[in-house]
Each structure stands twice: as C-alpha cells, then as structure tokens.
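Protein chains in written order, with our numbering: chain A, 4 to 361; chain B, 7 to 409. All C-beta atoms, glycine included, are put in the ideal place defined by N, C-alpha and C. Here is the structure we will look at.
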Amino acid sequence: MSLLSIRDLVVRFRTHDGTVYAVNGVSFDLDEGETLGLVGESGCGKSVTNLALMRLLPRPAGHIDGGKVVFGGEDLLTLDESEMRELRGKEIAMIFQDPMTSLNPVLTVQEQMVETIQAHRRVSKSEARARTLELLGMVGIPQPEARLKNFPHQFSGGMRQRVMIAMALALEPKLLIADEPTTALDVTIQAQVLELLSRLAAEHGTAVILITHDLGVVAGMTQRINVMYAGYIVEAATTKDLFARPRHPYTVGLLHSIPRLDAQPGEPLIPIEGAPPDLRYAPVGCPFAPRCAWRVDRCWQEMPSLEPIDPGYEVVTTGPQATHRAACWNPPMSGEVVAAHPLRPGFEPAAPPAQVGS
Amino acid sequence: MTDMTPQTVVPAAGVPGQTADVEAGSSSVRPLVEISDLRMFFPITQGILISRHVGDVRAVDGISLSIQRGETVGLVGESGCGKSTVGRTILRLYQPTGGRIVFDGQDITTAGGASLRAVRRRMQMIFQDPYASLNPRMTAEGIVSEPLEIHGVGVKSERHQRVRDLLATVGLDPSYGDRFPHEFSGGQRQRIGVARALALHPDLIVADEPISALDVSIQAQIINLLERLQGEFGLTYLFIAHDLSVVRHISDRIAVMYLGRIVETAGSRELYERPLHPYAVALLSAVPIPDPSVEGRRRRIILTGDVPSPSNPPSGCHFHTRCWLRERLGNPDRCVAEDPALRPMSSGHEVACHFAEEVDGSAEQVQVTGRSPGAGGVAAAAGPAAPAPYAPSGSPPRPRDRH
Chain A
4 MSLLSIRDLV
14 VRFRTHDGTV
24 YAVNGVSFDL
34 DEGETLGLVG
44 ESGCGKSVTN
54 LALMRLLPRP
64 AGHIDGGKVV
74 FGGEDLLTLD
84 ESEMRELRGK
94 EIAMIFQDPM
104 TSLNPVLTVQ
114 EQMVETIQAH
124 RRVSKSEARA
134 RTLELLGMVG
144 IPQPEARLKN
154 FPHQFSGGMR
164 QRVMIAMALA
174 LEPKLLIADE
184 PTTALDVTIQ
194 AQVLELLSRL
204 AAEHGTAVIL
214 ITHDLGVVAG
224 MTQRINVMYA
234 GYIVEAATTK
244 DLFARPRHPY
254 TVGLLHSIPR
264 LDAQPGEPLI
274 PIEGAPPDLR
284 YAPVGCPFAP
294 RCAWRVDRCW
304 QEMPSLEPID
314 PGYEVVTTGP
324 QATHRAACWN
334 PPMSGEVVAA
344 HPLRPGFEPA
354 APPAQVGS
Chain B
7 MTDMTPQTVV
17 PAAGVPGQTA
27 DVEAGSSSVR
37 PLVEISDLRM
47 FFPITQGILI
57 SRHVGDVRAV
67 DGISLSIQRG
77 ETVGLVGESG
87 CGKSTVGRTI
97 LRLYQPTGGR
107 IVFDGQDITT
117 AGGASLRAVR
127 RRMQMIFQDP
137 YASLNPRMTA
147 EGIVSEPLEI
157 HGVGVKSERH
167 QRVRDLLATV
177 GLDPSYGDRF
187 PHEFSGGQRQ
197 RIGVARALAL
207 HPDLIVADEP
217 ISALDVSIQA
227 QIINLLERLQ
237 GEFGLTYLFI
247 AHDLSVVRHI
257 SDRIAVMYLG
267 RIVETAGSRE
277 LYERPLHPYA
287 VALLSAVPIP
297 DPSVEGRRRR
307 IILTGDVPSP
317 SNPPSGCHFH
327 TRCWLRERLG
337 NPDRCVAEDP
347 ALRPMSSGHE
357 VACHFAEEVD
367 GSAEQVQVTG
377 RSPGAGGVAA
387 AAGPAAPAPY
397 APSGSPPRPR
407 DRH
C-alpha cells in the first residue's frame, strides 16, 4: 500500500469575485521514500493540493469539496483539528519558498526548534537542544552552537532554508512537502540546498513531494513527475519517460519554451501562445484547449481523464515502473513532439464552439 | 581594466528610418555605451540626529564595459552582485561615485538638466515586475503615452495613433488601450512595459530581469518579442538576469559579475563553451538542465558558503573565499594579496583570475561544457553532447536570425 493516496481531490475558494476552481479532481499516489515532482505554473493548483492535504487551506475561503486523502491508512480529511496537529510536523512536514516568512522572526532558532520538538516528543529541554544542535550540523550550518541564539534575520537566505530543512526533518517525518524550496535563492545556493535535500531524504528514507515550476530542478531531483495545469494533472510519468516522450501538448510546449543551457546556439524558442485560464470560471472541456495546437472539437466540451499512453497494460501509479499517463484527446505524435506543432496534412485546431451553453 | 578596445565590432544594425535626428552621421564603430572604471557606492550611515558615514556598500566597484550598437550584452550574477545597479547607473538614475559613462560619444557621467533629459530619451528601461512597474490608476494608453507627453512628442491625436501602433507592435489589441493594468495578465502587462519603453524610439533598452516574474509558459513569448523588436528597430539591449540559460539564449556577449566586479566577459557561445573564471564555471554547473539523462551525468561544483557582504568585500580576488580552484592549488597567497585585473585570454574573452590557465581544460570545465578534454580551441567544441529527444537533433548551429 502506498504511503499517500489522493483520490479525486476537489478544492474551491469562495471569494468576493466568485468561486475559484483551484483543484478539479486530482488523484495520485506516493510510495515511501519516493520523490515526486509536481510541476506547473503559478495558479495551476500544485500548492493548493498540498495545502489541502495538510488541511492548511486559508479559511474561510478555501474548501475541500470532495475527494479522499489517505495517508498511512487514514483519511486525513476525516480527522479533527487536534489529530491533524499531532500529525503535522511529525508525519508530514513542509518547507516553503520563503523561509523568512515561515520562521518566527522574534524567536531564536533554538527557541523555535526546541518548541517544535517538544510539541511532539516527551523530551527535556536539554535533550531537545542537543537534537537541535545535531540537526543544524546535519544541514551544514557552520558553527551551529554559536548560531543557536541567532534570530532568523541574522541568517542568509540559503542558511535560513537550511534551518527550515532542519526543522522539517527534526521529527523524522515520513513525508516532506517542499513547496518551491529554492525559488527565492540564487543558483549556486539553490545547488547547495537541492543537494542537501536529496541527500537527507535518501538517508532518512523520507518521501518528498517537490513542488516547482522549474523543469530543470525536477529533472535532477525526482523519480516521478505530475504535470499540472489549471487544477488538473495533465500528464504523469516517471521523470525519465516524461522528458524522453512528453505526450501532453502542454508538457511539449513547456519543454520547447524554456531556453536550455546546453541548447544549440540560435535555436529558437517556441512559446505557448495565450495565457493560463482564469480559474474563476467553471472549467468546460480541457482547460488547455484555447492554447493548444492539437485541439479537436471534443477538447472544447469534455476534459479527458488521465489514461495510459500505451493502452492495454495495467496501470501502475507509483515506483520506477509507473505507467506513463496523459489527459489528452489528441496527443502529439513523436515527430510532432520534436516539431512542437501538428504535422498531419490539413490539420487545423478546432475552432471554439459558438456560444457554449448560452 | 584600463584598455577598452572594442572586442567584437558588431556591424551596426542599419536603423532605417528610425531615430534620424540625433545621431545622424554617428560612427558605426564607436560603441553606443562605454563605461570605464564605473563605481557606485551607497553610503552606510549611523546615528539619527548626526548621521555619520561609517562605510559603503560597494555595489559596483570599478567595472568597464562597452556595448556596441545593435548588440545584446547580458549581465549575469547572483543577487547583490551589482548587476541592476550597473543598469541603473548607465541610465543615470544614480549619480555614480566614480568612473565614466559615455553614451554615443557624449560623456553623461555628470550630465544634468536638459542635456540629461535629451539623452534619457534615447535610453529606456524594462522592469522585472510588471505588477509594480505600471501605475494601477492609469490606462494602458496613458502609460504608453506618458513618455511621449513628457518629451512633448506630437499632438494628442498623433500620440493616440502612436500608442495604438505601439500596442499592436508588442502584440496587444489596440482597443485594449482604455483598460487598466489589473485587467491584463502578467505577460500582457510586460508587453505594455515594452511598448512604453519603445515609445520614444530609444537606442538602448536596459532590461532588468524582464521575464523573471512571469509564468514559465509566458517567458518565451516575451523573449521572442524582444528579439523581434531588436531586429525591427535596431535596438541595443543590456539584458540583466540571473538565469544563465535565458541570458545565453538572448545575448551576443556576456559579462559575469561577482561582488561589484566583472570577473569574465566573452562572446555568448565562447563563455558557455570555454568558461575561464572559476566562478563562471561554478555558476554554469549550478544551472539545472531540464533533461534527466544530462542531469544524471553532471556533477555540480557546490560552492561553499554565501556571497560575502559588498560592504566588506574580501581582499585580493573577491571570489577567493569560495573558490574551488584556489583550494586545489593549495591556497596560493596571491589570490588574497593581489586583486586580479581583467586580462585578455583570446579575442574578446577577458577574465579576472590569476590562474585562469588552470581552469582551461580542467575536469570541472569539461564537465560543465560537455567538451571533450584536449579538444582545445573553441572551434573544436561542437556544442554539447546528446541533444534531448525533443530537441531538433542534428541541426547545425545557425547564425542568429532576428525576424
């Protein structure tokens, strides 16, 4: 049985501007010790999915409108707040993009780390302090003893993120959710932090969900990837398969639109035209259809489900043999993946239907 | 950092019909921008009533750079290295502490009043955050038209028409002119920022992280727009960014900055195929590549520690506290004692490192560039190995075309 199993998760925000359709039925599994990347641009629902599973959606706007989140055999959505609090930090820990806003600025690092440990473990203050020291050393903070009494603002961005990682791993959680952990950092510091994160996760056997918009980061860090767009998972595959044989037009578009350090000079970028959809409108059909060069009539009406790209096999959702799945009515063929546009003679993207539903 | 011979003379892009009044007859060899030994220090003061000057943040600490007409120069480095300050100082948004800025033959280091206004018209800026850089209470037309009004260009109806043309040029529907910034998406807002920068037919555009705040799927749209406009209007770009992949894509020449200094400058291709400064090598190795097979082979040079404070930079070579090469060479004293100047290594390739020769051909350099050891010479490096399956493999390196 997998460590985490999310089924048909639906999250809505009720705001003054109306309902925001943030997550529209997301399902995925995660095994112990696995590293999964959730990739997508801002607003695609990748962070909201994880806030929902931690039951940390902003209230009162955020609502889980359906689905199940089974972690270690328990449906987290049925737990009460005190049971959830017991679980957060101890079983599932989270690190965020901006360590400055997630650390308490008026407490020293020692105070907040001891507090975290003592909240979940019956240990004396000196034991908790010893553990703190050990953790800071583990994440590579120089002279940890001298740094214990420092406040978060006395650390640099990279060091703060190390403190966050130390805190997240303090209680040896089974699952670590890292939400854009290096986006605020410089590239050389990003390399330090990513290396630390993958080394520690491997040493402790911690499963990791890495949320990022950076395909480069997931390429080196993860075993599997879910690509998200407008609240849906549109493609799921092992990292190797996803980059070798991208099948969803959005994934194909993303790979063509980012300049690569090792690209041939002068190679043009092929952007994805248009902009992501406004999530204040209920999704009709595939949300990527307006930007898609492969769209057919059906795309405007019906969202395809996530199906294996090679039919006929049993679907495996986790591990290195995970089935490559994509949610697309008319996936690009391999030559088209290279060309980034349809090559079928006479193919025209389907025009939007006139006046849908009105 | 004294001799400023132009390294690559980029043929001046013909500027048909544009900006005719000001630089008629200007030489095509003379760089559009030439800065020498530029220094920009921000004072640190203490005390409330009597403020005492206790130090300086040496944001830009003696850099020299020339930008040819029609060229794109990329300025890369980590946050706090002074790259944005260079851009702003060139536009004279700051009064430099020292050094010289020459714009199209005119020394503007201390220019003020009318002469500065006249020059400012010819240089514009595109900012990082399209949410913060547009006035939320002005319509798109008002925003794009403002530079025209400030410089008294045309009458109202002419300006209106010009704004419509500009919006169309940057790929927006001209009828969107009466909308407010919040009605646009991030990418569209950045297009408005680009239209505003184009309004006065500038020669130079300083683009300070113009795509960093945009969604991944939008970034390529803006990069392609900037490239197209450069071809159409013969623009010169100073492209400031921390993302080396983007800078490599758009730039003809790249300057790598570290703690207020330029540590290496080279043609874009040369820099990525033969980086010679230990910092440049480390920077390149740190960039993740969206291809698991490449990532699996690569070994990162993990720089220890953080960038030191620019108010108290290390002695000698600023990079010596984090340098992987210095460690290998047994920590020579020269790095601590002597500040390395930029020295030419090959045509158009300058590096500020006492031991740059040791970098050339080192395992680290080979790792980063994918160049086979002993291949020597840049021409032999035919580019990185193993293009990803989705990349058009086998396509020969093409000259950059801008259409």
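Q. Under 7 Å Cβ-Cβ, which residues of chain A neighbour B/V300?
A. As a working mapping, residue 300 of chain B is identified with position 294 in the second sequence. Those are D265, listed as they occur along chain A.
Q. Span of the alpha helix (DSSP H) holding A/L218?
A. The count along the first sequence starts at 1 and reaches residue 218 of chain A at position 215. Taken as a continuous stretch (DSSP letters only), the alpha helix (DSSP H) holding A/L218 covers 218–224.
Q: Tell me whether A/G70 sits in a helix, a strand or coil according to DSSP, three-state version.
A: Along the first sequence, read from residue 1 onward, the residue named residue 70 of chain A stands at position 67. The answer is strand: DSSP assigns A/G70 an E or B state.
Q. Short check: CB of B/A347 to CB of B/A358, under 8 Å?
A. For the purposes of this step, residue 347 of chain B is taken as residue 341 along the second sequence, with counting starting at 1. For the purposes of this step, residue 358 of chain B is taken as residue 352 along the second sequence, with counting starting at 1. Yes, Cβ-Cβ distance for B/A347 and B/A358 is below 8 Å.
Q. Around the C-beta of B/S151, are 16 or more other C-beta atoms found within 10 angstroms, so that it is buried, or is it exposed?
A. Working through the second sequence from its first residue, we reach residue 151 of chain B at position 145. By the neighbour-count rule (16 or more Cβ atoms within 10 Å), B/S151 is buried.
Q: Quick one: give me the first and last residue of the beta strand (DSSP E) that B/S70 is part of.
A: Translated into the one-based positions of the second sequence, residue 70 of chain B becomes position 64. B/S70 -> beta strand (DSSP E) spans 58–73.
Q: Kindly indicate which residue of A/D83, A/L272, A/E305 has the alpha-carbon position closest to the one of A/H344.
A: In the first sequence, residue 344 of chain A corresponds to position 341, counting from 1. That would be A/L272, whose Cα lies nearest to the Cα of A/H344.
Q: Compare the C-alpha of A/M103 against each of A/G256, A/P155, A/A266, A/K177 and name the closest.
A: By one-based count along the first sequence, residue 103 of chain A stands at place 100. It is A/P155.
Q. Rounded to whole angstroms, how far is the Cβ of B/D258 from the Cβ of B/S90, which I believe are closer than 8 Å?
A. Sequence index remark: in the second sequence, residue 258 of chain B carries index 252 (1-based). Sequence index remark: in the second sequence, residue 90 of chain B carries index 84 (1-based). Rounded, the Cβ-Cβ distance is 21 Å, inconsistent with contact.
Q) Hey, is B/V293's beta-carbon within less than 8 Å of any beta-carbon in chain D? A) Here the protein chains are A and B, and chain D is not one of them.
**Q.** Beta carbon proximity, B/R275 to chain A, threshold 8 Å
**A.** Counting from one through the second sequence, the residue named residue 275 of chain B turns up at place 269. Yes, contact with chain A.
Q: Quick one: residues in its chain with C-beta nearer than 6 Å to the C-beta of A/Q304, no 5 flanking neighbours on either side, listed in chain order?
A: On the first sequence, position 301 is the one that residue 304 of chain A refers to. Same-chain partners within the cutoff: G288.
Q: Name the residue from A/S30, A/P268, A/F31 whose alpha carbon lies nearest to the alpha carbon of B/Y278.
A: In the second sequence, residue 278 of chain B corresponds to position 272, counting from 1. When only C-alpha atoms are compared, the closest one is A/P268.
Q | Near-chain A residues of the stretch 249–264 of chain B - C-beta to any C-beta below 7 Å | A | Residues L250, S251, V252, R254, H255.
(Q) I want to verify the contact list: residues of chain A whose CB lies under 9 Å from the CB of B/G411, in sequence order. (A) Because chain B spans 7 through 409 in this model, residue 411 of chain B falls outside it and cannot be assessed.
Q.
Distance check for B/I69 and B/D43, CA to CA, integer angstroms please.
A. Along the second sequence, one-based indexing puts residue 43 of chain B at 37. Along the second sequence, one-based indexing puts residue 69 of chain B at 63. Spanning the alpha carbons of B/D43 and B/I69 requires a straight line of approximately 5 Å.
Q) With 8 Å set as the bound, which would you pick, yes or no: does the beta-carbon of B/V222 sit closer than that to a beta-carbon of chain A? A) Indexing the second sequence from 1 puts residue 222 of chain B at position 216. Chain A contact via Cβ: present.
Q.
Quick check on B/R306: buried or exposed, where buried means 16 or more other Cβ atoms within 10 Å of its Cβ?
A. Taking the second sequence and counting its residues from 1, one reaches residue 306 of chain B at position 300. When all chains shown are included, B/R306 counts as buried.
Q: Could you name each continuous alpha helix (DSSP H) segment of 4 residues or more that falls completely within the stretch 277–348 of chain A, going from the start of the chain to the end?
A: 300–304, 337–342
Q. Looking only at C-alpha atoms, which of B/R280, B/P314, B/R123 sits nearest to A/I192?
A. As a working mapping, residue 192 of chain A is identified with position 189 in the first sequence. Selected option, being the one with the closest Cα: B/P314.
(Q) Assuming B/G104 is part of the beta strand (DSSP E), what are its boundary residues? (A) Numbered from 1 along the second sequence, position 98 holds the residue referred to as residue 104 of chain B. Where B/G104 is concerned, the enclosing beta strand (DSSP E) stretches over 104–109.
**Q.** Beta bridge counterpart(s) of A/G40 as assigned by DSSP
**A.** Mapped onto the first sequence, residue 40 of chain A falls at position 37. Looking at the DSSP assignment, A/G40 forms a beta bridge with A/L213, A/I228.
**Q.** Strand pairing of A/I95, partner residues [DSSP]
**A.** Start at 1 with the first residue of the first sequence, and residue 95 of chain A comes out as number 92. Partner(s): A/R91, A/L178.
Q) Are the C-beta atoms of B/P296 and some chain A residue less than 8 Å apart? A) Walking along the second sequence from the start, residue 296 of chain B turns up at place 290. Answer yes: the Cβ-Cβ gap between B/P296 and chain A drops below 8 Å somewhere.
Q) How about B/Q225: is its C-beta nearer than 8 Å to some C-beta of chain A? A) One-based indexing of the second sequence puts residue 225 of chain B at position 219. Interface residue, yes.
**Q.** Beta carbon proximity, A/K243 to chain B, threshold 8 Å
**A.** Counting from 1 along the first sequence, the entry for residue 243 of chain A is found at position 240. For A/K243, the nearest CB of chain B lies under 8 Å from its own CB, placing it at the interface with that chain.
Q | Whole-angstrom C-beta distance between B/I228 and B/Q196, which should lie under 8 Å | A | Here residue 196 of chain B refers to the residue found at position 190 when the second sequence is read from its first residue. Here residue 228 of chain B refers to the residue found at position 222 when the second sequence is read from its first residue. Confirmed, about 5 Å.
**Q.** Beta-carbon neighbours of A/S159, restricted to chain B and to distances below 7 Å
**A.** As a first step, residue 159 of chain A must be located in the first sequence, where it is residue number 156. The contacting residues are D312.
Q | chain B contact residues for A/E37, given Cβ-Cβ distances below 7 Å | A | Locating residue 37 of chain A in the first sequence gives position 34, counting from the first residue. Correct list: empty, because the minimum Cβ distance to chain B is about 15 Å.
Q: Please check if any C-beta of chain B sits within less than 8 Å of the C-beta of A/I144.
A: The residue you call residue 144 of chain A lines up with position 141 of the first sequence. Chain B, which has no Cβ nearer than 8 Å to the Cβ of A/I144, makes this no.
(Q) Considering only the alpha carbon of each residue, which of B/G183, B/I246, B/S317 lies closest to B/Q134? (A) In the second sequence, the residue the question calls residue 134 of chain B occupies position 128. When each option's Cα is compared against that of B/Q134, the closest is B/I246.
Q: Taking A/F154 as the query, report the chain B residues whose CB atoms sit under 9 Å from its CB, ordered along the chain.
A: Position 151 of the first sequence, counted from the start, is the residue given in the question as residue 154 of chain A. Neighbours of A/F154 on chain B: none; closest Cβ ~17 Å, over 9 Å.
Q: Indicate whether the contact test is met: 3 or more Cβ pairs, each with one atom in the stretch 75–91 of chain B and one in the stretch 112–124 of chain B, closer than 8 Å.
A: Too few Cβ pairs lie closer than 8 Å, so no.
Q | Under 8 Å by beta carbon: chain B residues contacting A/E198 | A | On the first sequence, residue 198 of chain A is found 195 positions in, with the first residue counted as 1. Chain B residues near A/E198: R306, I308.
Q. Hey, A/N53 and A/I180: beta-carbon distance below 8 Å or not?
A. Taking the first sequence and counting its residues from 1, one reaches residue 53 of chain A at position 50. Taking the first sequence and counting its residues from 1, one reaches residue 180 of chain A at position 177. The Cβ atoms of A/N53 and A/I180 sit closer than 8 Å to each other.
Q: Give the residues of chain A in contact with B/N318, contact being defined as C-beta atoms less than 9 Å apart.
A: Counted from its first residue, the second sequence places residue 318 of chain B at position 312. Simply none; closest approach about 14 Å.
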